[in-house]
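Sequences listed follow chains A and B, in order. Following my numbering, the numbering of the first sequence begins with 2 at its first residue and continues without gaps. Following my numbering, the numbering of the second sequence begins with 671 at its first residue and continues without gaps. Glycine residues also receive a C-beta, built at the ideal position from the N, C-alpha and C atoms. The structure presented is a predicted model; accordingly, all values stated were derived computationally and were not measured.
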Amino acid sequence: MSTPDAAPAVEAIGLVKEFERGRRTALQRLRRELDRRERFRAVDGVDLRVERGEIFGVLGPNGAGKTTTMKMLATLLEPTAGSARLLGLDVVTQAREVRRRMGTVLSDGRSLYWKLTARENLEYFAALYHVPAAGQRDRIERVLASVKLADRADDYVERFSTGMRQRLVLARALLPDPELLLLDEPTVGLDPQSSRDLRDRVHELKEQGRTVLLTTHYMEEADQLCDRIAIVDHGRVVALDTPAGLKRTVEAAEVVRLEVAADEGPAPVNGALLRRLERAGQVAHSERRDDVLAVTVHSRSARDFVPAAFDAARAEGATIRHVEVVPVSLEDVFISLTGRALRE
Amino acid sequence: MSATTLAGDLRAFGAAALKEWRLLRRYPSLLVGFLFWPIALPLAYVFQARGFAGDSQAALDAFAQRAGTTEVAGFLFLGWAAYMWISMVLWGPGTALRTEQVRGSLEALFMTPVSRLVILFGPVLSQVVWAVWMFSIVAATMTLVFGVELAVASALRALAVIFIAVPALYGLGALFAAVVLRFGEVSALVQGVRGLFTVFCGMSFPIAVLPEWGRAVALALPPTYLIGDLRHVLLSGAGLVELIPDLAILLSLGLLLCGLAVVAFRRTERYARRGGSLAQY
């Protein structure tokens, strides 16, 4: 890695990306007809500053604009407006230099050559990253070892599990010995063991002094991995802080999750119950799941709230089937900010 | 561009060719299949010529007058060998890009600092192996089956002609690649151009039989020079010096097409970056 300088690892200012919906035919172009396609903003003025050496997470639901933001930073998409600098370099005008100094993992497991071995894949990309021929062999051994694939180096990728493939993609991103890594949904589609494995590798990257910018829609992942998190929704950053700082924005000591069912028949519980619960705590979210109403309540004291909730249910002819008291999570932060759950 | 970057790009060219060759090796049946067509296709035309003209000396004389050689089999084999090579080169860069796009690896390639020319032409280098394989089969068939004499000096001159034709053909291939990246599909255009070449470039007949306007079209198309000059050096024993005007035109067309291809590819890449179509398939 080269010596760090003063510029932040990532600095995005007012980043915007618009796409057109629908298509414009060749005939319309030839006739120079007015472009009537609808335009929509996938990213709507994102500001980010990632300091060197930190793991920074971008957390948001699917369609929030995370991948589009990452692709603009990775020089794959041109911003419609705003600017972004990686390691002090502009992603549009200095794109080639940016590519030389960062490694990227996109959430697409198809990006490997399945009919080549892991080593052959890395040999090819090492040449594309201009890894000097003299050090190429050692570099490949090192990155394979760092993702725990050294013993499978000469197996065809088609024989790898999804988790192994994702680790190989991470190894590929490490080939240029980058100061900065962009990881877009790195654990999506992985089983719990593989996800844990990959998160361990990301921690090691930080220990090596690298900066990691990752996107995820898994709140636990963001919570466990990241030094700071930007929560995005509808293409905008709606909050940005450390995980603990974000959780402090929820005015509750505990979160109580209830499942309530009507005493007779599968009829859903009416709004009167929610109003009663609201008197004892703050109802952050509610949704019907089959014949029960799932309610999330932010409470200063679960010890006080839970008996009050049972009383409220009884008064409305309903029964609480399940009670769970959990600490405040990033999911609760997202709910308090947007009124929606991350998975919605 | 620094010397280190240039050296890195050149090494990447080799790596791209090696990668394609490794992928090809995983499907050895392709190589066997390729043994068949370079012989079967021209052979059908040789038999057709015999069917039409038989052993008629008058027919042979008429052919020699228009084609400049009496080697009917050699004439046809060379024409079709060139055609097959041209087809490969036309499809090559576009197909390689499209395959990367469908495979999902195109974005990974575009995130590396390597020159776009490597992405465009690197995989096509492996087709040199196919071209050598095909021309070797054709040469063996011409010599062993039809008794066409191929001198080493003529073969070297033919290699020089092929080398000079490379920019023109790869320039065309790169233009098609730009179309692929823009529209995701190119087969209709390639089929059209191949049809144009088949009719006007004299794959299976001397262009002297074309009407005057047809000959004018032929002289604007690079394959006409490639095919004509290959026949001149291999069948008529012509030297390179007498072909200098032809070769100069071929080289000029090549440089023009390469320049156009680079501009078109850059514009298309920009379009893809704006619309996000690199990952679409």
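Exercise for the section: Would you mind listing the alpha helix (DSSP H) stretches within the stretch 745-797 of chain B that are 4+ residues and don't spill past its ends, in chain order? Expected result: Listed in chain order, the alpha helix (DSSP H) elements of length 4 or more contained wholly in the stretch 745-797 of chain B are 776-780 and 786-795.
Exercise for the section: Find the residues of chain B that neighbour A:Thr26, judging by a C-beta separation of less than 9 Å, and give them in chain order. Expected result: Chain B residues near A:Thr26: none, gap ~12 Å exceeds 9 Å.
Problem - From A:Thr69, A:Thr76, A:Glu279 and A:Arg120, residue whose alpha carbon lies closest to that of A:Arg168 - result: For A:Arg168, the nearest C-alpha among the options comes from A:Arg120.
Problem - Beta-ladder partner(s) of A:Tyr157, from DSSP - result: A:Thr118
Exercise for the section: Grab me the residues of B:Arg943's own chain with a C-beta within less than 8 Å of its C-beta, minus the 5 sequence neighbours each way, in chain order. Expected result: none
Handout entry: Coil, strand or helix - B:Met873 by DSSP
Key = coil
Problem - CA nearest to the CA of B:Ile1016, picked from B:Gly924, B:Ser906 and B:Ile789 - result: As shown, chain B starts at 671 and ends at 951. That puts residue 1016 of chain B outside it, with no answer to give.
Exercise for the section: Compare the C-beta of A:Glu121 with all C-beta atoms of chain B and state if any pair is closer than 7 Å. Expected result: yes
Handout entry: Opening and closing residue of the beta strand (DSSP E) in which A:Thr212 lies
Key = Thr212 to Thr217
Problem - Continuous beta strand (DSSP E) stretch holding A:Asp234: start and end - result: For A:Asp234, the enclosing beta strand (DSSP E) has its first and last residue at Arg229 to Asp234.
Problem - Helix, strand or coil at A:Ser196 [DSSP, three-state] - result: helix
Practice task
Give the secondary structure of B:Gly843 by DSSP, where H, G and I count as helix, E and B as strand, and everything else as coil.
Solution key: helix
Problem - Listed by chain order, chain A residues near B:Leu855 by CB distance under 8 Å - result: Reading off the sequence, residue 855 of chain B comes out as Glu, not Leu. Per Cβ cutoff of 8 Å: no residues; B:Glu855 is ~13 Å from chain A at best.
Problem - For A:Leu16 and A:Val239, the rounded distance between their alpha carbons - result: Answer to the nearest angstrom: the Cα atoms are 14 Å apart.
Practice task
Answer yes or no: does any C-beta atom of chain A fall closer than 7 Å to that of B:Met873?
Solution key: no
Problem - Cutoff 7 Å: A:Ser108 Cβ touching any chain B Cβ - result: The beta carbon of A:Ser108 sits no closer than 7 Å to any beta carbon of chain B.
Practice task
Flag A:Ser3 as yes if its beta-carbon sits less than 7 Å from any beta-carbon of chain B, otherwise no.
Solution key: Below a pLDDT of 50, predicted positions are generally treated as unreliable, and A:Ser3, at 45, falls in that range; no measurement from the model is reported.
Practice task
Might you give, ordered along the chain, the residues of its own chain that have their beta carbon closer than 8 Å to the beta carbon of B:Ile877, omitting 5 neighbours on each side?
Solution key: Once the five neighbours on either side are set aside, the close Cβ partners of B:Ile877 are Phe870, Cys871, Gly884, Arg885, Ala888, Thr894 and Gly898.
Problem - Interface positions of the stretch 121-140 of chain A facing chain B (Cβ-Cβ less than 9 Å), listed along the chain - result: Glu121, Asn122, Glu124, Tyr125, Phe126, Ala127, Ala128, Leu129, Tyr130, His131, Val132, Pro133 and Ala134
Practice task
With A:Gly272 as the anchor, note down where its alpha helix (DSSP H) starts and where it stops.
Solution key: Gly272 to Ala281
Practice task
Output the boundary residues of the beta strand (DSSP E) element that contains A:Glu348.
Solution key: Missing from the structure shown is residue 348 of chain A; chain A here goes from 2 to 345 and no further.
Practice task
Given a cut-off of 7 Å, decide if A:Gly236 and A:Val66 are closer than it, judged by their beta-carbon atoms.
Solution key: Sequence inspection shows Gly at residue 66 of chain A; the Val mentioned does not correspond to that position. In contact: A:Gly66 and A:Gly236 (Cβ atoms closer than 7 Å).
Problem - Residue-level contact to chain B via CB, A:Ser300, 7 Å cutoff - result: no
Exercise for the section: Name, please, each residue of chain B whose Cβ falls closer than 7 Å to the Cβ of A:Ser112. Expected result: Under the 7 Å cutoff, chain B gives Gly774, Ser775, Glu777 and Ala778.
Problem - Boundaries (first-last residue) of the alpha helix (DSSP H) holding A:Arg102 - result: From DSSP, the alpha helix (DSSP H) with A:Arg102 extends over Ala96 to Arg102.
Practice task
Give the straight-line distance between the Cα atoms of B:Leu787 and B:Glu770, rounded to the nearest whole angstrom.
Solution key: So the two alpha carbons sit approximately 15 Å from each other.
Handout entry: CB-CB length for A:Arg86 against A:Ala7, believed under 8 Å
Key = Rounded, the Cβ-Cβ distance is 12 Å, inconsistent with contact.
Practice task
Grab me the residues of B:Gly907's own chain with a C-beta within less than 8 Å of its C-beta, minus the 5 sequence neighbours each way, in chain order.
Solution key: Around B:Gly907: Ala821 and Ser824.
Handout entry: Assigned secondary structure, A:Asp91 (DSSP; H/G/I helix, E/B strand, else coil)
Key = strand
Practice task
Report the residue ranges of all alpha helix (DSSP H) runs contained in full by the stretch 34-97 of chain A; include only those spanning at least 4 residues, in chain order.
Solution key: 67-74
Handout entry: Closer than 7 Å to chain B by CB, A:Lys207
Key = no
Exercise for the section: Output the distance between the C-alpha atoms of A:Leu88 and A:Arg100, rounded to the nearest integer angstrom. Expected result: Distance between the alpha carbons of A:Leu88 and A:Arg100: 11 Å.
Exercise for the section: Indicate the three-state DSSP secondary structure (helix, strand or coil) for A:Glu265 in the structure shown. Expected result: coil
Exercise for the section: Return helix, strand or coil for A:Ala342, following the three-state DSSP convention. Expected result: Three-state DSSP puts A:Ala342 in coil, outside helix and strand.
Practice task
State the beta-bridge partners of A:Glu260 as determined by DSSP.
Solution key: In DSSP, A:Glu260 forms a bridge with A:Ala295 and A:His323.
Practice task
Mind checking which residues open and close the beta strand (DSSP E) that includes B:Asp725?
Solution key: In this chain, B:Asp725 is not harboured by any beta strand (DSSP E), its DSSP state being neither H nor E.
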